[in-house]
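Residue numbers (the numbering used here): 279 to 622. Below: the structure, in structure tokens.
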Amino acid sequence: MQRRTHALAGMILGFVVALGLVFSGLARAGEILVYTALEDDEYPGYLELFKKDHPEITVKVVRDSTGIVTAKLLAEKDNPQADVVWGTAATSLLVCDQNGMLEGYAPKNLDKVASQFRDAANPPHWVGIKAWETGFCVNTVESEKLKLPIPASMADLVKPEYKGKIVMPNPASSGTGFLTVSAVLQTMGEEKGWQFLDKLHDNIAQYTHSGSKPCKMAGAGEFPIGISFGYRGIIQKQKGEPVQTVFPSDGCGWDVEANALVKKAAIKPDAKVFLDWALGADVMKMYAKVYPLTAYPTGVAIPEGYPADPFKILVKNDFQWAAKNRERILAEWTKRYGSKSEAK
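The structure is reproduced here in structure tokens:
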């Protein structure tokens, strides 16, 4: 009888432990909504890694261009929907932060992150993962047909031989477009900067609503030159397209792709798990395979097509100034140049 009692007690204890594990798993399991401006052919590979590391968490993703993500976040200010913002321009997140929309959080590996890749607050309201920069995508075949020299600088783009041969992102909808315009205004000063943009506008055939589209159009031969970003040109060449990526010799505009925790009445623990993972060593090495400008060193070799020290090609960038003046800059840009923007 005593043996039966002990056996029964053991079975009950085992059942209780098993049930506890089940309920523990259910308590950890959940779903988060992530807004991102990462490229649509980029982020799915990262998410596969997250699924392997955290199968208990379901991630729903809303992906769009930086300007659209920013507008969506601002529109939802009083009723936030997203749990996390992943890989969206730091200048956009600064705008959200100025509106009190971000919750401070210090993810794991924060101590490794370079100062220019993170918010100075403690805990930070945004933390960068990598940076992207202005790059020209030049179709070498089309340029040769048209006897066009390959531009080496931003200054080259206003030469008369490029009239109607260039496409560029609209800064109101594209982070790449905004960082390019912001760099011109910061490096030249606003008066000379707008004068330069007036001249550039004369050579622009169309402004797109996507930062990658000008490079895709150049790769397809629709236009010989697309002002875009370096990563896009590099991977298109890897795929066999006749694209040469040019990093302008007079300096590249740039911004940080950053993550943030959205301030909500109830913040999900799984959102913090995601932010910890998104700054982890494994996914950082994946970022570095095409983006050498990572938040901390990864040991991954710089991809072919980039300069040996990609940080040296970046212009001095005042993120706070860019965020503070973003709305004013976009209004002025739209008034001057919006007539050439593609239809939405």
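Ideal placement from N, C-alpha and C gives every residue a C-beta, glycine not left out.
Query raised in the report: Is it true that the CB of isoleucine 407 sits closer than 8 Å to the CB of alanine 556?
Result: yes
Report task. Could you tell me how far apart the beta carbons of tryptophan 364 and asparagine 537 are, in whole angstroms, since I believe they sit closer than 8 Å? Result -> 5 Å
Query raised in the report: Terminal residues of the continuous beta strand (DSSP E) containing alanine 556?
Result: Premise fails: alanine 556 lies in the alpha helix (DSSP H), 547-556, not in any beta strand (DSSP E).
Query raised in the report: Using DSSP with H/G/I as helix, E/B as strand and the rest coil, what is leucine 426?
Result: coil
Requested in this report: Enumerate, from N- to C-terminal direction, the unbroken alpha helix (DSSP H) stretches of 4 or more residues contained entirely within the stretch 483-512.
Outcome: 491-497
Query raised in the report: Shortest alpha-carbon distance to tryptophan 532 belongs to which of Ala498, Asp331, Phe589 and Ile482?
Result: Phe589
**Report entry** Sequence-distant residues of its chain with Cβ nearer than 6 Å to alanine 664 (five each side left out)
**Finding:** Summary: the structure shown does not reach residue 664, with the chain confined to residues 279 through 622, and so no result is reported for it.
**Report entry** Pairwise C-alpha distance: alanine 586 and glutamate 439
**Finding:** 31 Å
Query - Through-space distance from valine 312 to histidine 332, alpha-carbon basis - result: 15 Å
Query raised in the report: Quick one, which of Asp389, Ser421, Ser460 and Tyr565 has its alpha-carbon nearest isoleucine 607's?
Result: Ser460
Report task. Go ahead and label aspartate 397 buried or exposed: buried means 16 or more other beta carbons lie within 10 angstroms of its beta carbon, across all protein chains shown. Result -> buried
Query - Burial state of proline 547 (16 or more Cβ within 10 Å) - result: exposed
Requested in this report: Rank Met562, Arg604, Lys567 and Lys622 by C-alpha distance to the C-alpha of lysine 390 and give the top, closest one.
Outcome: Met562
**Report entry** For glutamine 464 and alanine 621, the rounded distance between their alpha carbons
**Finding:** 29 Å
Requested in this report: With DSSP as the reference, label phenylalanine 525 as helix, strand or coil.
Outcome: coil
Query raised in the report: Which residue from Phe552, Asp554 and Tyr584 puts its Cα closest to that of lysine 567?
Result: Tyr584
Report task. Just the C-alpha distance for lysine 517 and threonine 523, rounded to the nearest angstrom, thanks. Result -> 13 Å
Query - Cutoff 6 Å; reference lysine 542; Cβ partners in own chain excluding five residues on either side - result: Pro358
Query raised in the report: In its own chain, which residues sit with a C-beta less than 8 Å from the C-beta of serine 302, not counting the 5 before and 5 after it?
Result: Caution is warranted here: a pLDDT of 38 is assigned to serine 302, below 50, making its placement in the model unreliable, and the coordinate value is therefore given only provisionally. So the list is empty, once near-sequence residues are dropped.
Query raised in the report: So, do the stretch 444-452 and the stretch 500-507 have three or more beta carbon pairs nearer to each other than 8 Å?
Result: yes
Query raised in the report: Given that a residue counts as buried once 16 or more other Cβ atoms are within 10 Å of its Cβ, and exposed if not, what is valine 340?
Result: exposed
Query raised in the report: Straight-line CA distance for lysine 618 to glycine 455?
Result: 14 Å
Query raised in the report: The alpha helix (DSSP H) with lysine 330 in it runs from where to where?
Result: 321-331
**Report entry** Environment of aspartate 361 [buried if 16+ CB atoms lie within 10 Å]
**Finding:** buried
**Report entry** Contacting residues, own chain, Cβ-Cβ under 8 Å from threonine 458 (five flanking each side not counted)
**Finding:** Thr412, Met446, Pro447, Pro449, Ile505 and Gly531
Query - Per-residue DSSP class, three states only, for isoleucine 290 - result: At isoleucine 290, the pLDDT of 40 sits below 50, so the modelled position is not reliable and the matter cannot be decided from this model.
Report task. Can you grab the Cα-Cα spacing for the pair lysine 602 / isoleucine 482, in whole Å? Result -> 27 Å
Query raised in the report: Out of curiosity, what's the CA-to-CA distance linking leucine 424 and tyrosine 485?
Result: 22 Å
Requested in this report: May I ask you to verify whether the stretch 369-388 touches the stretch 334-354, counting CB pairs closer than 8 Å and requiring at least 3?
Outcome: yes
Requested in this report: Say yes only if the C-beta of glutamate 469 is nearer than 7 Å to one or more non-hydrogen atoms of the ligand ATP, and no if none qualify.
Outcome: By its list of ligands, the structure shown contains no ligand whatsoever, and the ligand ATP lies outside what it can speak to.
**Report entry** Among Lys330, Lys355, Phe395 and Lys491, nearest to alanine 367 - alpha-carbon criterion
**Finding:** Phe395
Requested in this report: Just the C-alpha distance for proline 402 and glycine 499, rounded to the nearest angstrom, thanks.
Outcome: 44 Å
Query - Residues bridged to asparagine 537 [DSSP beta-bridge criterion] - result: Val405
Query - Distance, leucine 388 Cα to glycine 382 Cα - result: 13 Å
Query raised in the report: With C-beta atoms as the reference, is leucine 571 less than 8 Å away from glycine 529?
Result: no
Requested in this report: Classify asparagine 595 as buried or exposed, calling it buried when 16 or more other Cβ atoms lie within 10 Å of its own Cβ.
Outcome: buried
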